[in-house]
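Enquirer: Residue numbers (our numbering): 17 to 515.
Think of the CB as a built atom: it goes at the ideal place given N, C-alpha and C, for glycine as much as any other residue.
Following this message is one structure expressed as structure tokens.
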Amino acid sequence: MHPVPKLFEKESYRWYNHETDSNYWYEEALAALNKRVKTKINKNVAKNIIIYLGDGMSIPTLFAARTYKGQLDGKFGEEDELYWETFPYTGLSKTWCIDGQVPDSACTSTAYMTGVKSKLKTIGINGNVIRGDCKSQNNKKNHVDSILKLAQDKNKSIGIVTTTRVTHASPAGGYAHIANRHWESDKDIISDDIDSNECMDIAKQLITQYPGNEFKVILGGGRKKFLPDDIKDEEDINGERLDKMNLIEMWKDDKKKRSDKYLYLWNKTLLMDVINYPENYDYVFGLFHSSHLPYYLETNSKVQPSLEEMTEAAIKILRKNNNGFILFVEGGRIDHAHHGTYATLALDETLELSKAVKVGREITSIEDTLIIVTSDHGHTMSVAGYSDRGKKINGINDAIAIDNLKYTTLNYANGPGYKEPNELGGRYNISEDNIDDVRYQFSSMVPLERETHGGEDVAIFSSGPWSHLFTGTIQQSNIPHFLAYASCLAPKSACDYIE
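Now the structure itself:
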């Protein structure tokens, strides 16, 4: 709307000259109104679905990330947009779990993947399961099916993409049934003094059990969860499995029986081959790190692919199926950065998710591909004070507190960013801190080793067939039911509407 804005600066006040003109705001509102009036409800069947999850992507994170994006582009920033903010429909999701006001990524994954709210730290099981109890975990009456399984039952292709370990809580909701989210390998179960033969770990479920063993695409991190402790991976790091199972080789053996077009990959070079020649592959299993992928600002871009690149590769494989596909894409390290009160890293990881959403929307059709972008839960980061327009969002605020000291615009209610008082008992002076360090820990009010989640509602953005369903304020567990309706996976569905 203003490609070369003229800037007004006087003392500490800044704005664009055109923003002082009332007509600018009338025209801006008219354009927004026209866009909404002309938006046609799309009631086509959602042949394909892409679920994008920004783990821990709270509403304050959205504001801060869009501002950060604009400032990286040389603008004030507040006026900028994340890609999904151009989508026609927006709603809110209630994130609480049945035994907690503030959720974790396990019970939320169960909610948005299976349509059932459950207990903290449990995945793919209902509230009858006792946390950490193998007997109740193994009772199939307590298992709840994911939207990914429902789609695979209907011969759709399934993929998961994440910047975390592929056995982490969010993606695991699509395929696992586990009484403790931390049981990613048999070693994790044994460390809790439980017989690993009584409970199957998440990695083993992914490779040997339905639906995970038929997923067409699995891309992320976590090699150590799949390899024996006496075998080194491609980067000379030992696995951790104590049962000596090499689940990567087991995956290869299984796919060899299904197709000669399969590929296990561990670096970006191999992934680029998938992007350029998707016709050569039916099954792709990529583990790009022994644990979580590094933050994008700290990654070795020659070895580790970006979330955008993994998403593009996944879509190009999955869309070969004429029956359609469902893809789950997680920007998982937004959450990890917030836990460390690394606000800059959290914002940058949000921008990486925005790039992945953009490529997903651009290489699919809005006529038959439903895309939703949401979060599993919030965090305690807030945007504080009365910073001047265009002030560096991840910097020091202009304001002076009553103790005559400055503070950052972004702060956390709790976490490791707590600053000890000075020798006189006064507040820590941040003025000489290196705020530009991407590992700078933003101030926290309450000292904790890890910052906690927040319990507030999170946003849902949607585009494509039946995206108008994702408006208003809904339970997080409604999400897969709405997806199933849109894609004709539910008993009552969009197909009934068409008929």
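Over what stretch of residues does the alpha helix (DSSP H) that includes Val399 continue unbroken?
Expert: Element bounds for Val399: not the alpha helix (DSSP H) but the beta strand (DSSP E), Met397 to Val399.
Enquirer: Whose CA, out of Ala359, Ile388 and Asn413, lies closest to the CA of Tyr456?
Expert: Ala359
Enquirer: Would Lys545 and Gly148 be called neighbours here (beta carbons separated by less than 9 angstroms)?
Expert: Absent from the model: residue 545. The displayed extent of the chain is 17 to 515, so no value can be given.
Enquirer: Okay, do the stretch 184–201 and the stretch 286–295 touch, 3+ Cβ pairs below 8 angstroms being the bar?
Expert: no
Enquirer: On the DSSP bridge assignment, give the partners of Gly70 in chain order.
Expert: Gly347
Enquirer: Output yes or no for whether 9 angstroms exceeds the beta carbon distance between Ser134 and Ser186.
Expert: With contacts defined as CB atoms closer than 9 angstroms, Ser134 and Ser186 fail to qualify as a contacting pair.
Enquirer: Report yes if the CB atom of Leu98 is closer than 9 angstroms to the CB atom of Leu367, and no otherwise.
Expert: yes
Enquirer: Does the stretch 480–487 come within contact of the stretch 380–388, defined as at least 3 CB pairs closer than 8 angstroms?
Expert: yes
Enquirer: Please tell me whether Thr327 and Gly236 are closer than 9 angstroms, where the distance is taken between their beta carbons.
Expert: no
Enquirer: Expressed to the nearest angstrom, what Euclidean distance is found between the alpha-carbon atoms of Thr396 and Arg82?
Expert: 18 angstroms
Enquirer: Can you list, in chain order, the residues of its chain whose CB lies under 7 angstroms from that of Glu95, leaving out five sequence neighbours each side?
Expert: Gly86
Enquirer: Within its chain, find whatever has a CB closer than 7 angstroms to the CB of Asp161; leave out the 5 residues flanking it on each side and keep chain order.
Expert: Thr130
Enquirer: Less than 8 angstroms between the CB atoms is what I'm expecting for Tyr40 and Asp392, so what's the real figure, rounded?
Expert: Contact doesn't hold; Cβ gap of about 38 angstroms is too wide.
Enquirer: Give the C-beta separation of Gln153 and Cys215 to the nearest angstrom, bearing in mind that I take them to be a contact with Cβ-Cβ under 8 angstroms.
Expert: 6 angstroms
Enquirer: Within its chain, find whatever has a CB closer than 7 angstroms to the CB of Gln117; leave out the 5 residues flanking it on each side and keep chain order.
Expert: Gly471
Enquirer: Tell me Ile476's beta-bridge partners as DSSP assigns them.
Expert: Gly107 and Thr390
Enquirer: Just how far apart, CA to CA, sit Tyr428 and Asn438?
Expert: 20 angstroms
Enquirer: Who are the Cβ neighbours of Ser173 in its own chain at under 6 angstroms, not counting the five residues just before and after it?
Expert: Lys232, Leu334, Asn337 and Phe341
Enquirer: Round the Cβ separation of Ala192 and Gly140 to the nearest angstrom and send it over; I've been treating them as touching at under 8 angstroms.
Expert: 5 angstroms
Enquirer: Should Glu44 and Leu78 be called a contact, given that it needs their Cβ atoms to be closer than 9 angstroms?
Expert: no
Enquirer: Based on the DSSP output, what are the partners of Arg257 in its beta bridges?
Expert: Pro244
Enquirer: Please report how far the alpha carbon of Asp228 lies from the alpha carbon of Leu222, in whole angstroms.
Expert: The sequence shown places Gly at residue 228, not Asp. Near 5 angstroms, if we compare the C-alpha coordinates of Leu222 and Gly228.
Enquirer: Tell me the residue span of the beta strand (DSSP E) that contains Ala195.
Expert: Where Ala195 is concerned, there is no enclosing beta strand (DSSP E), given that its DSSP letter is neither H nor E.
Enquirer: Could you tell me the alpha carbon to alpha carbon distance between Val132 and Leu386, rounded to whole angstroms?
Expert: 21 angstroms
Enquirer: In this structure, how does DSSP classify Gly488 when only helix, strand and coil are distinguished?
Expert: strand
Enquirer: Looking at the secondary structure, which residues open and close the alpha helix (DSSP H) in which Leu440 lies?
Expert: Careful: Leu440 lies outside any alpha helix (DSSP H) and carries neither H nor E.
Enquirer: From the DSSP output, in three-state form, read off Leu166 for me.
Expert: Under the three-state reduction of DSSP output, Leu166 falls in the helix class.
Enquirer: Please state the DSSP three-state secondary structure of Ser38.
Expert: Residue state for Ser38 is assigned as helix, using DSSP reduced to three classes.
Enquirer: Cα separation between Ala372 and Glu467?
Expert: 26 angstroms
Enquirer: Along the chain, where does the alpha helix (DSSP H) that runs through Met216 open and close?
Expert: Unbroken run through Met216: none, as it is neither H nor E.
Enquirer: Go ahead and pull the three-state DSSP assignment for Met17.
Expert: Unreliable positioning characterises Met17 in this predicted model, as indicated by a pLDDT of 38, which lies under 50. A coordinate reading is not provided.
Enquirer: Leu499 and Ile163 - do their beta-carbons sit closer together than 9 angstroms?
Expert: yes
Enquirer: Counting C-beta neighbours from all protein chains within 10 Å, is the total for Ala47 16 or more, i.e. buried, or is it exposed?
Expert: exposed
Enquirer: For Leu369, which of helix, strand or coil comes out of DSSP?
Expert: helix
Enquirer: Using the C-alpha atoms, what's the distance from Gly406 back to Asn420?
Expert: 23 angstroms
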